[in-house]
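Trainee: In our numbering, the protein residues as written are 1384 to 2116.
Handing you this structure, nothing more for now.
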C-alpha cells in the first residue's frame, strides 16, 4: 500500500479558478417535420447500443441502462412504470454511480441478491476477459457498484480467465437450471460455443458466496459457425476440422441465451459480423446435453426479420412494462454499421419463455433523439432572420449499405420565442450539401464579402473548405449558393473545422481551423472586408501550442469555439477533442505566435463521448448559458449553467469542496479540500483496485503520481459526515 506524500502550498494557480457548473437540461422541446415531439431530444444519439434493465433508484421498477460501444458511453433512463408503454426519462445523475466501462456491458443478477450486477469486458486494450462488478444500494437508495473479480475457470494450467473477444458479446443464463448464472461464448479460436458452468451452487449451495466456473462443454449444441455461410453447420463435434474458406479464427458473434419454446432448455439467438440478420438456433436436446436441431437464419421469420447493416446484437428486456421481455436488436460493429435506423424493437406478445414477436420500429429510443448518424457538429445561426438562433448540425454522415457515409447539414428551426425556445426539424439535408459527396461537413458563418449578410464556409474531411455566398442581403432569410470550391486553395490536411473570428482586432474576419491531428491552424485575413485574402503560405500551424491528442495517439480532432462565459476570464477558447473532453485556453489575444494558457482539459469535468464538438449560446434570454455538445453517436447533449444541481440530483463530480489540479498530472497533483478533519482519500484504477489510501492531514496536499502508470484514475474523498466526492484524474507521463 502506498501512502500520501504531503506538502503545503501558499499560492493557488490559475487552474483553481472555479468552473461554471453545467447540468444536463432536457426541457427545450424538439419536433420532427411531421410535428411529432421527440421525447428524449438532448440525450446524445445512439450508434451501437446495448440494453440492460436494473432498478437504479430502488423503487421496485426496473429502469434501463443503455451502453453504447461507440465511445463507450453509458446512459441511464428512469422507468415511470406506465403499463403497456415505454415510459422513460433520461436521468444522467445515475451515470456517476457506474465505473468506467469498455466494449460491452450487460447487467444480470450474478449473486442472487435481487440486484442486477455488471458483467463487462476487461478495460485493457489487449485483455479479453469478463469483469464482474457487484451491485448494492447506497444510503440514498441509488445503485452503486464495486469491482469483485474476473470470471475464472480451471484448466490444465490452473485457474484462468474465461476468454471473450472484446468485439463479441457473450450470453449469460442459468443453462443447467441449478440457480446460478452460466456463460455461453464463442471460443476465441473457432466457431464453436463454449459452455462454462457456474460451480457456486455445487460448491457452496448458494450462488452468493463463490463465483467459480468449469469448462463443461467446448462445443455446446454441436454446431459450428463458419462466418462464411449464414446457416451454422449442425451435428458438428468438437473434433470438427476447419475447411478451406471457413477461416481458422472466429470472426465475431453476439450471443443471447433464452428459452424460445417453453421447454426446459435454452436456445440461442446469434448475430454474426458477416451478416445483417439474426439466426435463431433451437435446442432439440436437453438443458444438460444441448443439441441444436433447427435454425431460423432470418429471425423472426414470422414477423419482419431483423435487417441491420452490419452485425446485429440481440437483447431481451421488458421495455413496455407488460411484465414480458421484448427483443431488441442493434448493430454491434463500430463505424461500419447502420447509425440511424439502428434499434429494432420486437414486442413480445407471447410469454417470457414462449416468444411471439411483433415488429414495432427500427428507431426505438434513437427515434426520440436528435440524431444525424455519425459525428454531430452543432452550430447556431439565424437562418430565417427572425431574431432567433436556429440549430444546424454537421456530421460525418449517415451510413449507407455500400459501406460509405452520406454527409449533410440538418436544419432545426427555432419556432419558439426569445424566452422559450423550441426547435423543429426542417431538413436533414440543408442546401443539398449531400450532393457534394463530402464527409465530416462543418459550417461556419460570417460576412466575408462585405454585403451585410453572413456567408457560409463548409469544412470537410479532405481538409479543404467550400464557400457559399448569401445573396439575400442584411435582415433577410439566408439563401446560400456554392460560389467557390476549395476556398482560397486552403488545405490543412484532414478534417477542417473552420471558425470565422477577428483575432487580430483589425475589423476583418480571420480563420481558426481545427483538424484531425489534434492541433489548430490560423490564417490571418490579409485582404479587405469585401475581398478576403487568406494566404496558405502564411498559415500558423500549431496555433497556441494546442494539442488535444490522447497520450500515444496521433489524432485528436480539434473542434474550436470562442466564447465569453462571463466568469471573469473574458473571451476564451474551447476545443472539443476526439477523446471526448473539452479543453479551455486563455491568453491568446496579442499572442498568436506564442503558447496559450491551458485552463482546463476536462471542462465541466464530464466526458461527452468521443469526437466532442462544443457550442455555447444563451438560448432563452436570461443570464444562464446553454452548452451544446455533439459526439460520435450523432446526437446533441444540452447542458445548462446553474448555481446548483437540480432538485433531487445527488452531486458527485461538480463540488467545489474538492479540487484537483493540474489535471492531467505528471509528477504530482494538488488535492484541495474544504475540511480535512477525519477525511480520507482513496485512489482507484479502472478495474476498481485501490492503489492509494490515506487520511488527509492538510487543506492542500500534494500527491505524487510519478510511479503511477499513465491512464485514468478515480480520486475519492470520504468525509466524516458521510459525504463522498469522486474526481476523475488523468495521469500522463
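Cβ atoms here follow ideal geometry from the backbone N, Cα and C, with glycine treated the same way.
These numbers were taken from a predicted model, which means no experiment stands behind them.
Rounding to the nearest angstrom, what Cα-Cα distance links residue 1464 and residue 1422 in this structure?
Mentor: 16 Å
Trainee: Mind pulling the beta strand (DSSP E) runs of 3 or more residues that sit fully within the segment 1863-1915?
Mentor: 1863-1867, 1880-1884, 1893-1897, 1903-1906
Trainee: Measuring CA to CA, which of 1517, 1496, 1730, 1993 is closest to residue 1707?
Mentor: 1730
Trainee: Residue 1737: buried (16+ other C-beta within 10 angstroms of its C-beta) or exposed?
Mentor: exposed
Trainee: For the alpha helix (DSSP H) containing residue 1585, list its first residue and its last residue.
Mentor: DSSP places residue 1585 inside the alpha helix (DSSP H), whose first and last residues are 1583-1587.
Trainee: Rounding to the nearest angstrom, what Cα-Cα distance links residue 1450 and residue 2084 in this structure?
Mentor: 36 Å
Trainee: So what's residue 2022 in DSSP terms, helix, strand or just coil?
Mentor: Residue 2022 falls in the strand class under three-state DSSP.
Trainee: Taking the alpha-carbon of residue 1869 as reference, which of 1640, 1841, 1784 has the nearest alpha-carbon?
Mentor: 1841
Trainee: Could you give the C-beta distance for residue 2098 and residue 2043, rounded to a whole number, given that I count them as a contact under 8 Å?
Mentor: 6 Å
Trainee: Going along the chain, which residues of its own chain have a beta-carbon closer than 8 Å to the beta-carbon of residue 1717, five neighbours each way excluded?
Mentor: 1430, 1431, 1452, 1453
Trainee: Would DSSP call residue 1630 helix, strand or coil?
Mentor: Only weak support is given to the placement of residue 1630: the predicted model assigns it a pLDDT of 47, under 50, and the value that follows is read from those uncertain coordinates. Coil at residue 1630, not helix or strand.
Trainee: Is residue 1947 near residue 1428, with beta carbons less than 7 Å apart?
Mentor: no
Trainee: Can you give me the start and stop residues for the beta strand (DSSP E) that residue 1537 sits inside?
Mentor: 1535-1538
Trainee: Just how far apart, CA to CA, sit residue 1659 and residue 1719?
Mentor: Computed Cα separation, rounded: 12 Å.
Trainee: Below 8 Å on the Cβ atoms is my contact criterion, and I expect residue 1615 with residue 1552 to pass it. Report the Cβ-Cβ distance as a whole number of Å.
Mentor: Wrong, their Cβ atoms sit about 17 Å apart, outside the cutoff.
Trainee: Around the Cβ of residue 2089, are there at least 16 other Cβ atoms within 10 angstroms (buried) or fewer (exposed)?
Mentor: exposed
Trainee: Would DSSP call residue 2122 helix, strand or coil?
Mentor: For residue 2122 there is no data in the structure shown, the boundaries of the chain being 1384 and 2116.
Trainee: Would residue 2093 pass as a contact of residue 1934 if the rule is Cβ separation under 7 Å?
Mentor: yes
Trainee: Once you ignore the five residues that flank residue 1950 on each side, which residues in its own chain have a CB closer than 7 Å to its CB?
Mentor: 1403
Trainee: What are the uninterrupted segments assigned as beta strand (DSSP E) that are 3 or more residues long and contained completely in the segment 1806-1870, given in chain order?
Mentor: 1806-1810, 1825-1829, 1838-1842, 1848-1853, 1863-1867
Trainee: Is residue 1533 near residue 1514, with beta carbons less than 7 Å apart?
Mentor: yes
Trainee: Using a Cβ-Cβ cut-off of 6 Å (strictly less than) and excluding sequence neighbours within five positions of residue 1793, which residues of its own chain qualify?
Mentor: 1755, 1776, 1811
Trainee: Once the 5 residues before and after residue 1485 are set aside, which same chain residues still bring their CB inside 6 Å of it?
Mentor: 1455, 1504, 1506
Trainee: Helix, strand or coil, according to DSSP, for residue 2102 in the structure here?
Mentor: coil
Trainee: Under 7 Å, do residue 1784 and residue 1833 count as touching if we go by C-beta distance?
Mentor: No, these two residues do not count as a Cβ contact at 7 Å.
Trainee: Considering only their Cβ atoms, is the gap separating residue 1648 from residue 1670 smaller than 7 Å?
Mentor: yes
Trainee: Ends of the beta strand (DSSP E) at residue 2009?
Mentor: 2009-2013
Trainee: Between residue 1698 and the rest of its own chain, which residues show a CB-CB distance below 6 Å, the 5 nearest in sequence each way excluded?
Mentor: Closer than 6 Å at the Cβ level, and outside the excluded window around residue 1698, lie 1434, 1711.
Trainee: Pick from 1657, 1548, 1606, 1656: whose alpha carbon is nearest that of residue 1508?
Mentor: 1548
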